[in-house]
Amino acid sequence: MSATIIDGRAVSLQIEDELKVRIDALGQSGVRPHLVVVLVGDDAASHVYVRNKQRACERTGVISTRMDLPSSSTQQEVLDIISDLNNDESVHGILVQSPLPPRMDELQIADAIDPRKDVDGFHPTNLGRLVQGDTDGMLPCTPAGIMRLLEETGANLTGSKAVVLGRSRIVGMPMALLLAQKGIDATVTIVHSRSEEHSLLCRDSDLLVAAIGRPGTVKSEWVKPGAIVIDVGVSRIEDGSVPSGSRLAGDVDPSVSEVAGWLTPVPGGVGPMTIAMLLTNTVRAAENLST
Ligand code: GUN
């Protein structure tokens, strides 16, 4: 058997088309959604992600402003910038790209962003709403994008067993909440570095979301035949498989495509959906702030 590939790029382009209609409608009332991305330091992968976010803004008509700060910036400098952006009526969305330099407190920074402009969905108010079962607010982009990809499979997840591999603030924890919410009703297990029998827990699941950032971790023996496998990992590796040197690799070993029923590719699966959800949150913020 060979897994059906879930084309995140195609779905993200559909979402962009739907957003363009809403962006046009905002334009009729003189509003153009405006996203500000703050990038601190010179993490190479972050620069690529931010460039992709800016390109998506250009395609859809969202204004994007990028603020590049040196890695020597202080926590207070970032907090002051956020305060200015919170008070700037021309700004609808604020995103501080993670990871920040290690001495910075990411939680304090997430806390400082006006929840109405928190297009990452990382503010405690927005995460708290999610815990309360309210999924109409700003949802974290990667888990929200994955929920949309799961719709593509047509699978009914009620009562299904789902494993989320990884417990990060950005992906794993909110992902588990979204899968367990009323109306989706999966039975969710969070598997992390201190869990035992990773492979057995994964093999018992109908849905596996791998978000640990370790290339090729999920082997074909870890996967139940026919399961849905969502690969969130994006790592750059040099394994000699391409003449040009390095390539992108997910957390899921390529052999899994022989066992899974559905599989997201890397690149072209979850990544474009994260950006589509960021645009969605930015448009939503502009709509909410301008009415
Ligand atoms: N770094 C990796 N993914 C993300 C994301 O979704 N948002 C932010 N702010 N930083 C990230």
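Residue numbers (numbering that gives the first Met the number 0): 0 to 290. Glycine included, C-beta positions come from ideal geometry on N, C-alpha and C.
Buried versus exposed call for residue i [16 or more other C-beta atoms within 10 Å across all chains shown]
i      : result
Lys223 : buried
Met137 : buried
Ala9   : exposed
Leu106 : exposed
Gln27  : exposed
Glu15  : buried
Asn155 : exposed
Met276 : buried
Ala58  : Rather than Ala, the amino acid found at residue 58 in this sequence is Arg. Answer is exposed; the Cβ neighbour count stays below 16.
Asp119 : buried
Gln75  : exposed
Met174 : buried
Start-to-end residues for the alpha helix (DSSP H) that takes in residue i
i      : result
Ser234 : Looking at the DSSP string, Ser234 is not in any alpha helix (DSSP H); the run it does join, the beta strand (DSSP E), is 234-241.
Lys19  : 7-27
Gly313 : Past the boundaries of the shown model lies residue 313; the chain is included only from 0 to 290, so the question cannot be answered.
Gly212 : Segment: none, Gly212 is in no alpha helix (DSSP H) and carries neither H nor E.
Leu178 : 171-179
Asp79  : 74-86
Asp110 : 105-111
Leu199 : 197-202
First through last residue of the beta strand (DSSP E) which encompasses residue i
i      : result
Arg50  : Careful: Arg50 lies outside any beta strand (DSSP E), inside the alpha helix (DSSP H) at 43-59.
Thr186 : 186-190
Leu138 : Taken as a continuous stretch (DSSP letters only), Leu138 belongs to no beta strand (DSSP E), as it is neither H nor E.
Gly244 : 244-248
Arg297 : Any property of residue 297 remains undetermined from this structure, which presents the chain solely from 0 to 290.
His122 : Counting along the chain, His122 falls outside any beta strand (DSSP E), and DSSP gives it neither H nor E.
Leu99  : Note, Leu99: premise wrong, no beta strand (DSSP E); not H, not E.
Asp230 : 227-230
Rounded C-alpha distance that separates residue i from residue j
i      : j      : result
Gln53  : Leu288 : 22 Å
Asp67  : Pro100 : 13 Å
Leu34  : Lys19  : 15 Å
Ile236 : Arg246 : 6 Å
Ile229 : Val162 : 10 Å
Val47  : Leu38  : 11 Å
Val130 : Leu177 : 9 Å
Arg115 : Gly268 : 28 Å
Val77  : Arg102 : 13 Å
Arg168 : Val265 : 21 Å
Ala44  : Val36  : 15 Å
Ser11  : Lys160 : 27 Å
Ser294 : Ser71  : An answer regarding residue 294 cannot be provided, because it is not within the stretch 0 to 290 covered by the chain.
Gly182 : Arg147 : 14 Å
Thr290 : Glu88  : 13 Å
CA nearest to the CA of residue i, picked from the options
i      : options                        : result
Ile5   : Asp135, Pro271, Val36, Arg193  : Pro271
Arg193 : Leu207, Ile183, Ile211         : Ile211
Ala179 : Ser89, Thr134, Val241, Val77   : Thr134
Ser234 : Ser72, Ala248, Thr141          : Ala248
Thr186 : Ser219, Thr157, Glu17          : Thr157
Ala24  : Cys201, Arg50, Val49, Gly60    : Gly60
His191 : Ile183, Val208, Gly182         : Val208
Arg213 : Pro242, Ser198, Asp250, Ile183 : Asp250
Gly232 : Val95, Val258, Leu262          : Leu262
Residue i Cβ short of 7 Å to ligand 2 heavy atom set
i      : result
Thr273 : Summarising the ligand content, the structure contains ligand 1 and does not contain ligand 2.
Cβ of residue i within 8 Å of any chain B Cβ
i      : result
Gly165 : This model lacks chain B altogether; it includes just one protein chain.
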